[in-house]
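*Asks:*
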Amino acid sequence: LLAQSTPNGFAQVRSESQQGDRMDWWRNDRFGMFIHWGLYAVPAGEYQGNDVKGIGEWIMDKANIPREEYEKYASQFDPQSFDADEWVRIAKYAGMKYIVITSKHHDGFCLFDSQTDYDIVDATPYKKDLLKPLSEACERHGLKFCTYYSIMDWHHDSQLPSSENDGKPKWNPTRMVEGQKQAYTDYMKEHLRKLIVDYNTHVLWFDGEWPSWWTDADGKSLYQWLLALNPNLIVNNRVGAGRKGMGGFSKEDSFAGDFGTPEQEIPATGVDSDWESCMTMNDTWGFKASDENWKSSETLIRNLIDIASKGGNYLLNVGPKADGTFPQASVDRLRAIGDWMSVNGESLYGSEAALFRPEWGRVTRRGGTLYLHVFEWPAHGKLTLPALRNPIRRASLLATPETTLSVNQGNEQWVIDVPESAIDPIATVITIDVQGM
Ligand code: FHN
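According to mature numbering (1 follows the signal peptide of the UniProt record, and there is no 0), the sequence shown holds residues -11 to -1, 1 to 426 in order.
1) Are there any heavy atoms of the ligand FHN lying less than 7 Å away from the beta-carbon of I415, as far as the coordinates show?
2) Which of the three DSSP states is assigned to G356 in this structure?
3) In chain order, what residues of the same chain have a beta carbon less than 6 Å from the beta carbon of F101, not counting five sequence neighbours either side?
4) What residue does the beta strand (DSSP E) around D67 start on, and which one ends it?
5) Quick one: does the C-beta of W274 sit closer than 7 Å to a heavy atom of the ligand FHN?
6) Return the chain-ordered list of same chain residues with a C-beta closer than 6 Å to the C-beta of K133, the five sequence neighbours on each side being excluded.
7) So residue 478 and Q169 are in contact, right, with Cβ under 8 Å, and what is the actual spacing, rounded?
8) Quickly, what does DSSP pair V320 with across the bridge? List them, please.
9) Does the beta carbon of I44 fall short of 7 Å from some heavy atom of the ligand FHN?
10) Rounding to the nearest angstrom, what Cα-Cα distance links D111 and A311 in this structure?
11) Three-state secondary structure (DSSP) at F(-2)?
12) Please name the residue, chosen from H95, D247, H144, Y137, that lies closest to T105 on a Cα-to-Cα basis.
13) Are the stretch 280 to 290 and the stretch 337 to 352 in contact at 8 Å, needing three or more beta carbon pairs?
14) Whole beta strand (DSSP E) runs in the stretch 121 to 187 with 3 or more residues, listed along the chain?
15) What is the DSSP secondary structure of D111, reduced to helix, strand or coil?
16) Classify I412 as helix, strand or coil using the three-state DSSP reduction.
17) Helix, strand or coil for H362? Go by DSSP, reduced to three states.
18) Would you list the residues sitting across from L305 in a DSSP beta bridge?
19) Consult DSSP for A80 and reduce its assignment to one of helix, strand or coil.
20) Take the Cβ of V418 as the centre, count every other Cβ of all protein chains shown within 10 Å, and call the residue buried at 16 or more, exposed below.
21) Identify the continuous beta strand (DSSP E) that holds R383 and give its terminal residues.
22) Since V186 and L218 should fall inside the 8 Å C-beta cutoff, what is the C-beta to C-beta distance between them, to a whole number of angstroms?
23) Taking all protein chains shown into account, do 16 or more other C-beta atoms lie within 10 angstroms of the C-beta of K116, making it buried, or fewer, making it exposed?
24) Since N271 and D247 are thought to touch, with beta carbons under 8 Å apart, how far apart are those beta carbons, to the nearest angstrom?
25) Which residue or residues does DSSP assign as beta-bridge partners of Q398?
26) Can you give the Cα-Cα distance for Q317 and F98, rounded to whole angstroms?
27) Using alpha carbons as the reference points, say which of G43, A368, D263, Q253 lies closest to S239.
28) Which two residues bound the contiguous beta strand (DSSP E) that contains D422?
29) Residue 465 by DSSP, collapsed to three states: which one?
30) May I have the straight-line CA-CA distance separating D413 from T389, to the nearest angstrom?
31) Considering only their Cβ atoms, is the gap separating L304 from F23 smaller than 8 Å?
32) Work out the CA separation of A33 and A52 for me, nearest whole Å.
33) Under the criterion of a Cβ to heavy atom distance below 7 Å, does A265 qualify as lining the ligand FHN?
34) Kindly examine the ligand FHN and report whether one of its heavy atoms sits closer than 7 Å to the Cβ of M95.
35) Counting C-beta neighbours from all protein chains within 10 Å, is the total for K183 16 or more, i.e. buried, or is it exposed?
36) Measuring CB to CB, does L293 end up less than 8 Å from L359?
Have a look at this one:
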């Protein structure tokens, strides 16, 4: 593997020309919070007394709910416990640097003050915009506010259910009423303009781009329209129909978008372009009371390390409850992640991918420093890694930098003596300062 890599064993993840551009903060920050929140939090996965299979935010489709019936959830959506600062504090403590929230999911309901009445201000007893306070809280706490937007819209009159099923609709993929494409595109652009100009979104995270009627297949005209509104905006690769399924990368370079979007998966190897894996903590994006299949905080932290070691970003999802609070299981995991990140985050933020992935863990690099993330502690406390061409200046523990570790620098491999006392059961980080790298 080393033979294929650049002299010091690292992928040239991006050319110098890409440095100093609008994506730099995004590449540096590595870790964000995804928030799926909307009317679907009211039924929370249950309809007519039955648990509805599948992800919570798809209940309108999975339970074949007609639009006018689904709309009634708006009269029950009253998140009096919503506290934007509390949400941002939880994300910030976890080490997250940006928040991507569903401004409008497939059900068409807007969490912001849109130009229609199917939104949080006009259709609910809450009567207040949810995105404006969240955008302002992000600004106060130094996180980037970003928005998810679904192109597919099961509520808009331009879109029809795909089939009649026992007299009830199936909403995915929806069919477009003839002659309505421009009208819907104009409707969508009004939302997008507000999100950019009034809400200061830093990333537009498109989704729902698969219906055949989406006329902007390569996404280029919409992408160019968006960047004309804000040249610093970042847009994912779901702005057009270029995404190759859940693997998330575009079919080829001719599709618009600034980063690939693997979903619920992590690429097997490093990728020399910008990408972000979006993943859930349990099995649903939108809140489902019955979904108790929670990943451990160890798994979530190791996912973050694995992704960073391959040059990607991790967008980890929270599905808030209808009252405006995060599920306790999410809060507990985010605190555990923050406990680990408060000691070890420097090994991930602004790091570069490493081409080698030892069996004991993952490696990242920042400038002349390697960070070895040890998941599986080596037998007899001897950690081995392939010898790089440049000699080591010093090896230490990131958690206790004053602790110097002894290294035997052989021609083929380096052997580092690691004390049993250093073990962090989630991941122990060893810092290697390499000369001339
Ligand atoms: O259908 C959506 C789904 O509800 C969820 O929003 C995920 C998150 O990226 N995206 C789509 C499935 O690919």
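Just so it is clear, CB atoms sit at the ideal spot from N, CA and C, and this is done for glycine as well.
*Replies:* On the basis of the supplied data:
1) Translated into the one-based positions of the sequence shown, residue 415 becomes position 426. No, Cβ of I415 sits at least 7 Å from all heavy atoms of the ligand FHN.
2) Looking up residue 356 in the sequence shown gives position 367. If DSSP states are grouped into helix, strand and coil, G356 belongs with coil.
3) Locating residue 101 in the sequence shown gives position 112, where the first residue counts as 1. If the five residues before and after F101 are omitted, its C-beta is found closer than 6 Å to the C-beta atoms of S92, D118, L120, all from its own chain and listed in chain order.
4) Taking the sequence shown and counting its residues from 1, one reaches residue 67 at position 78. D67 -> no beta strand (DSSP E), and no H or E assigned at all.
5) The residue given as residue 274 occupies position 285 in the sequence shown. Answer for W274: yes, Cβ within range of the ligand FHN.
6) The sequence position of residue 133 within the sequence shown is 144, counting from 1. The answer, listed in chain order, is Y87, H191.
7) Any question about residue 478 goes unanswered here, given that the chain covers just -11 to 426.
8) Within the sequence shown, residue 320 is the residue found at index 331, counting from 1. For V320, no pairing in a beta bridge is given by DSSP.
9) In the sequence shown, counting from the first residue as 1, residue 44 sits at position 55. Yes - the ligand FHN has a heavy atom lying nearer than 7 Å to the Cβ of I44.
10) Your numbering for residue 111 matches position 122 in the sequence shown. Your numbering for residue 311 matches position 322 in the sequence shown. Each residue's Cα considered, the two are about 17 Å apart.
11) Here residue -2 refers to the residue found at position 10 when the sequence shown is read from its first residue. Because F(-2) sits at a pLDDT of 45, beneath the cut-off of 50, its placement in the model cannot be relied upon, and the following sentence gives the value as read from the coordinates. Collapsing the DSSP output to three states places F(-2) in coil.
12) Within the sequence shown, the letter at position 116 stands for residue 105. Nearest to T105 by C-alpha distance, out of H95, D247, H144, Y137, is H144.
13) Using a Cβ-Cβ distance cut-off of 8 Å, the stretch 280 to 290 and the stretch 337 to 352 are not in contact, since fewer than three pairs of beta carbons, one from each stretch, lie closer than that value.
14) Every beta strand (DSSP E) of 3 residues or more that sits fully in the stretch 121 to 187 is shown, in chain order, as 133 to 139, 152 to 154, 157 to 159.
15) For the purposes of this step, residue 111 is identified with residue 122 of the sequence shown, where counting begins at 1. The three-state secondary structure of D111, taken from DSSP, is helix.
16) Position 423 of the sequence shown holds residue 412. Three-state DSSP puts I412 in coil, outside helix and strand.
17) In the sequence shown, counting from the first residue as 1, residue 362 sits at position 373. DSSP places H362 in strand when its eight states are reduced to three.
18) Within the sequence shown, numbered from 1, the residue matching residue 305 stands at position 316. Note: L305 is bridge-paired with M22, M268 in the DSSP secondary-structure output.
19) Stepping through the sequence shown from its first residue, residue 80 is reached at position 91. Helix.
20) The residue you call residue 418 lines up with position 429 of the sequence shown. Around the beta carbon of V418, 16 or more other beta carbons sit within 10 angstroms, so the residue counts as buried.
21) As a first step, residue 383 must be located in the sequence shown, where it is residue number 394. DSSP places R383 inside the beta strand (DSSP E), whose first and last residues are 381 to 386.
22) To locate residue 186, count along the sequence shown from 1; it is residue 197. To locate residue 218, count along the sequence shown from 1; it is residue 229. Indeed, because the Cβ distance is near 7 Å, the residues count as touching under 8 Å.
23) Looking up residue 116 in the sequence shown gives position 127. That one is exposed.
24) Along the sequence shown, read from residue 1 onward, the residue named residue 271 stands at position 282. Along the sequence shown, read from residue 1 onward, the residue named residue 247 stands at position 258. Incorrect: roughly 29 Å between the Cβ atoms, too far for contact.
25) One-based indexing of the sequence shown puts residue 398 at position 409. Bridge pairing for Q398: W403 [DSSP].
26) What you label residue 317 is simply residue 328 of the sequence shown in a count that begins at 1. What you label residue 98 is simply residue 109 of the sequence shown in a count that begins at 1. The C-alpha of F98 is placed about 25 Å away from the C-alpha of Q317.
27) On the sequence shown, residue 239 is found 250 positions in, with the first residue counted as 1. When each option's Cα is compared against that of S239, the closest is D263.
28) For the purposes of this step, residue 422 is identified with residue 433 of the sequence shown, where counting begins at 1. Here the beta strand (DSSP E) through D422 covers 417 to 423.
29) With the chain running from -11 to 426 in the structure shown, residue 465 is simply not present.
30) Numbered from 1 along the sequence shown, position 424 holds the residue referred to as residue 413. Numbered from 1 along the sequence shown, position 400 holds the residue referred to as residue 389. If I take the Cα positions, the gap works out to 12 Å.
31) Residue numbering aside, residue 23 sits at position 34 when the sequence shown is read from its first letter. Residue numbering aside, residue 304 sits at position 315 when the sequence shown is read from its first letter. Cβ distance < 8 Å, so F23 and L304 count as in contact.
32) Mapped onto the sequence shown, residue 52 falls at position 63. Mapped onto the sequence shown, residue 33 falls at position 44. Straight-line Cα distance between these residues: approximately 12 Å.
33) Here residue 265 corresponds to residue number 276 of the sequence shown, with the count starting at 1. Contrary to the premise, residue 265 reads as Glu rather than Ala in this sequence. Relative to the ligand FHN, even the nearest heavy atom lies 7 Å or more away from the CB of E265.
34) Residue 95 sits at position 106 when you count from the first residue of the sequence shown. What sits at residue 95 in the sequence shown is His, not Met. Because some heavy atom of the ligand FHN lies under 7 Å away, the Cβ of H95 counts as near it: yes.
35) Numbered from 1 along the sequence shown, position 194 holds the residue referred to as residue 183. So K183 counts as buried.
36) Looking up residue 293 in the sequence shown gives position 304. Looking up residue 359 in the sequence shown gives position 370. No, the Cβ-Cβ distance between L293 and L359 is not below 8 Å.
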